[in-house]
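Report on the structure given below.
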Amino acid sequence: MPVPREVTQAILDRLSAATLRHLPGQSYTVGDRLEERAAAHPDKAFVRFEDRVVDYGAANVYANRVAHAARALGLRRGDVAALVMENRPEFLGTWMGLAKLGVTVALLNTHARGRAFEHALETAEPRLVVIGSECLGALETLDAAAQRCFPFYVTSDSDAAVPRSAAIGDWDALLARADTENPDREVRAGLRAGDDLFFIYTSGTTGLPKAARLSHMRWLGVGDGMSAVAGYGPDDVIGCVLPLYHGAGGMVVISSALAQGATVWLARRFSASRFWDDVRRYGVTGFQYVGEICRYLVNQPERPGEREHRVRVMMGAGMGRDVWEEFARRFGVARILEGWSSTEANTSLMNVDNHVGSCGRIPFPERHNGRLVRYDLERDEHPRDANGCCILCAPGEVGEFLGAIPDLPNSGAGRFEGYTDAAATERKILRDVFQKGDRWYRSGDLLRCDEDGYFYFVDRIGDTYRWKSENVSTQEVAEALGGFPGLEIANVYGVRVPGAEGRAGMAALVLRDRDAFDGAAFFAWVEAKLAAYAAPLFVRLVAEPDVTSTFKLRKVDLQREGYDPAMVRDPLFMRDPAARAYVPLDAASLARHQIG
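Residue 29 is where the sequence shown starts when you use my numbering, and the numbers rise one by one after that.
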């Protein structure tokens, strides 16, 4: 049974009040918050990273050096700088120092190379690029002309000497000479909380990433709101194993810690084998997850002491039902705050009831700007009623989640901050949804809602495919496959079949032992878990998942290669109902079988 909606709403009201505390026109911004924390508790640990502890006072001093160094280079309020660095304390100090000047920081994906890296730089048009020595490999993938277009300054990741060239400045030398005092607030005179703090890039699973705008107001509001719901306080240690250039790590974790004066355990990158050892070592009490991290942890062999930790709450998105119950049972985490949103979204959901599999509910719709409306997958459009309005989904019906964009310029409520690309921003806005002239943010996500009002993520619109006149959710198929013995990751997608309408299902499976794959056992599992139209027609056994740095599964290359034995070196199988098994697939067997 659901928790009484009054209880849920009380928690959500606290979230809303904290999130909306900050207004676009206020002069209080992120730099002010850091300075407040440093003045109040200079010796309090802010970041624990490997064998280092950086307190609030030291973090503020580093940020001050950055601010003065950047100002000496001529950067001023409204300029853009880019940051390319792996997770480490200097990442935080660098962008915080630039924020003190009112400089917007483009947070670049450390895995971007070649054209993707160049595109991110072109989008931001930075007057300064600070790059960690650990990321110089990305710089080497740019041609000489592209390298000359941007002012690069390198900072060392260790005491080791950094290769120098006339084209790359020495950021460490500039910092060594810079002032350590807070810059006069006049240097950011005119900066308002509604101004851009970051450009955060979308994951780029289907093409070149877009740069989403994120304001000081949004960053501060998220920290105040999320920390209130999680119950964080100054004695908490919040774990971050996600990349800081993405919203979940760089915004939710860091803003929550700064809101409460808490400590961050920062990992350079996620390690499933070391995770619980590190959680114990650093005294972690809460952490931010994405669903695939939890799946990786559940797939690890059981080890003594897995439940011997202080974690009481975890917050994130993408926790599938197939992982949720096993994760909670095995690791003993009492409170899981599963949510739904995105970096650029103007609306969100949060499951504060611990209702397994759900990303939240809306107890009082009149107090929420989100609505679930019908979406026609085949026509790629939203059906309209006789009055030309979109149609709300009935319980159990899958639709697209939208967020109302109110005409309230002096409020942060429902504000859609968009992208640096005006055309990309416009494509995310749906107009005349329920009345003439209204505007709604298109999430691009398909959700469904049950009779009790709980919402469930179904799929991205581009990932859902149609087969046998039925819509198939790759997410739901992957979850159904999830419990198959020996399976670690299932990446499901649709592929074209000559002579057939729609797309057939295909699954790229990561198994503990590829050689032990039992096609008959997998057929039996699929038949028991899925309707025939949703059963994957093809299976590809891959050695490792193709994922983004934020653990999102990539599908573009897999879809392009499809089930063509001439293009795919991995073992391929095809569903054979007559044999009641998935049978090996090669050019000869493909020619013998009737597909469709």
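Beta carbons are placed, not taken as given, at the ideal position from N, Cα and C, and that holds for glycine.
Let me make sure I understand the geometry here. Which of the options has the alpha-carbon closest to that of residue i?
i, options, result
"Val133", "Glu516, Thr448, Gly511 and Gly590", "Thr448"
"Arg588", "Asp224, Met534, Ala548 and Ala556", "Met534"
"Ala173", "Arg302, Lys580 and Arg143", "Arg143"
"Arg363", "Ser370, Thr375 and Asn379", "Asn379"
"Leu614", "Arg568, Leu430, Pro573 and Phe429", "Before going further, note that residue 614 is Asp rather than Leu in the sequence given. Comparing Cα positions, the closest option is Arg568."
"Gly530", "Trp495, Ala548 and Asp543", "Trp495"
"Ala287", "Val35, Leu40 and His50", "His50"
"Val292", "Ser301, Leu270, Glu214 and Leu475", "Leu270"
"Val570", "Leu430, Phe601, Asp107 and Phe579", "Phe601"
"Met245", "Gly333, Pro612, Gly261 and Gly222", "Gly222"
"Glu372", "Phe227, Asp171, Ala356 and Leu618", "Phe227"
"Phe298", "Ser243, Phe355, Phe579 and Ile159", "Phe579"
"Pro612", "Tyr561, Ala556, Arg542 and Val575", "Arg542"
"Gly319", "Val575, Arg597 and Thr230", "Val575"
Kindly list the residues whose CB is nearer than 6 Å to the CB of residue i, restricted to its own chain and excluding five residues on each side of it in sequence; keep chain order.
i, result
"Ala432", "Asn397, Gly442 and Trp468"
"Leu565", "Ala532, Gly533 and Arg603"
"Phe315", "Gly267 and Met342"
"Lys583", "Tyr521"
"Tyr482", "His383, Ser386 and Arg389"
"Ala110", "Ala134, Leu136, Ala152, Pro154 and Val157"
"Tyr403", "His410, Gly427 and Glu428"
"Ser501", "Val486, Asp487 and Thr492"
"Val25", "Here the chain covers residues 29 to 624 and nothing more, so residue 25 does not appear."
"Gly130", "Arg105, Arg216 and Leu219"
"Cys163", "Val112 and Thr138"
"Ala351", "It is Val, not Ala, that sits at residue 351 in the sequence shown. Excluding residues within five positions, the ones whose Cβ falls inside 6 Å are Cys322, Arg323 and Val326."
"Ser161", "Val182, Ser184, Asp185 and Val190"
"Glu354", "Val326"
"Val461", "Cys418 and Trp468"
Tell me which residues share the same chain as residue i and place their Cβ nearer than 7 Å to its Cβ, disregarding the 5 neighbours each side in the sequence.
i, result
"Phe512", "Phe550 and Trp553"
"Pro573", "Ile517, Asn519, Val538 and Leu581"
"Glu146", "Leu170 and Ala174"
"Asp592", "none"
"Gly514", "Leu539, Arg540, Asp541 and Ala544"
"Ala256", "Arg42, Leu43 and Ala46"
"Ala508", "Lys557 and Leu558"
"Ala616", "none"
List the whole-angstrom C-beta distance separating residue i from residue j, where the pair is believed to meet the contact cut-off of C-beta under 8 Å.
i, j, result
"Gly197", "Tyr181", "4 Å"
"Ala536", "Leu475", "About 25 Å separates the two Cβ atoms, so there is no contact after all."
"Ala548", "Ala609", "4 Å"
"Gly206", "Ala97", "A small fix is needed here, since residue 206 is Ala in this sequence, not Gly. About 4 Å; that satisfies the 8 Å criterion."
"Val401", "Leu377", "With a Cβ gap of about 15 Å, Val401 and Leu377 do not count as contacting."
"Gly416", "Arg524", "Going by Cβ atoms, the distance from Gly416 to Arg524 rounds to 35 Å, so no, they are not a contact pair."
Suppose the cutoff is 8 Å on Cβ atoms and the five residues either side in sequence are ignored; what does the same chain contact list for residue i look like?
i, result
"Glu394", "none"
"Ala87", "Leu62, Ala66, Phe74, Val75, Pro117, Leu120, Gly121 and Met124"
Is it true that the stretch 448-467 meets the stretch 482-497, where meeting means three or more beta-carbon pairs spaced less than 8 Å apart? no
Is the number of C-beta pairs between the stretch 277-285 and the stretch 86-94 that are closer than 8 Å three or more? no
For the pair the stretch 108-123 and the stretch 68-81, tell me if three or more CB-CB distances fall below 8 Å. yes
Unbroken alpha helix (DSSP H) runs of length 4 or more, entirely within the stretch 143-229: which are they? 164-168, 172-177 and 199-205
Could you pull out every unbroken alpha helix (DSSP H) segment of at least 4 residues lying fully inside the stretch 376-419, listed in chain order? none
Curious, which full-length alpha helix (DSSP H) runs of at least 4 residues does the stretch 309-371 contain? 319-327 and 349-359
Any 3 or more C-beta pairs closer than 8 Å across the stretch 245-263 and the stretch 47-63: yes
For the structure I just gave you, are there three or more beta carbon pairs, one from the stretch 344-358 and one from the stretch 383-395, closer than 8 Å? yes
Take every Cβ of the stretch 35-46, pair it with every Cβ of the stretch 58-66, and state whether three or more of those distances are shorter than 8 Å. no
Please list the segments of the beta strand (DSSP E) lying wholly inside the stretch 524-592, counting only runs of 3 or more residues, in order along the chain. 532-539 and 566-570
Enumerate, from N- to C-terminal direction, the unbroken alpha helix (DSSP H) stretches of 4 or more residues contained entirely within the stretch 35-115. 58-68 and 84-100
What ranges does the beta strand (DSSP E) occupy inside the stretch 438-499, keeping only unbroken runs of at least 3 residues that lie completely in it? 457-459, 467-477, 482-488 and 493-495
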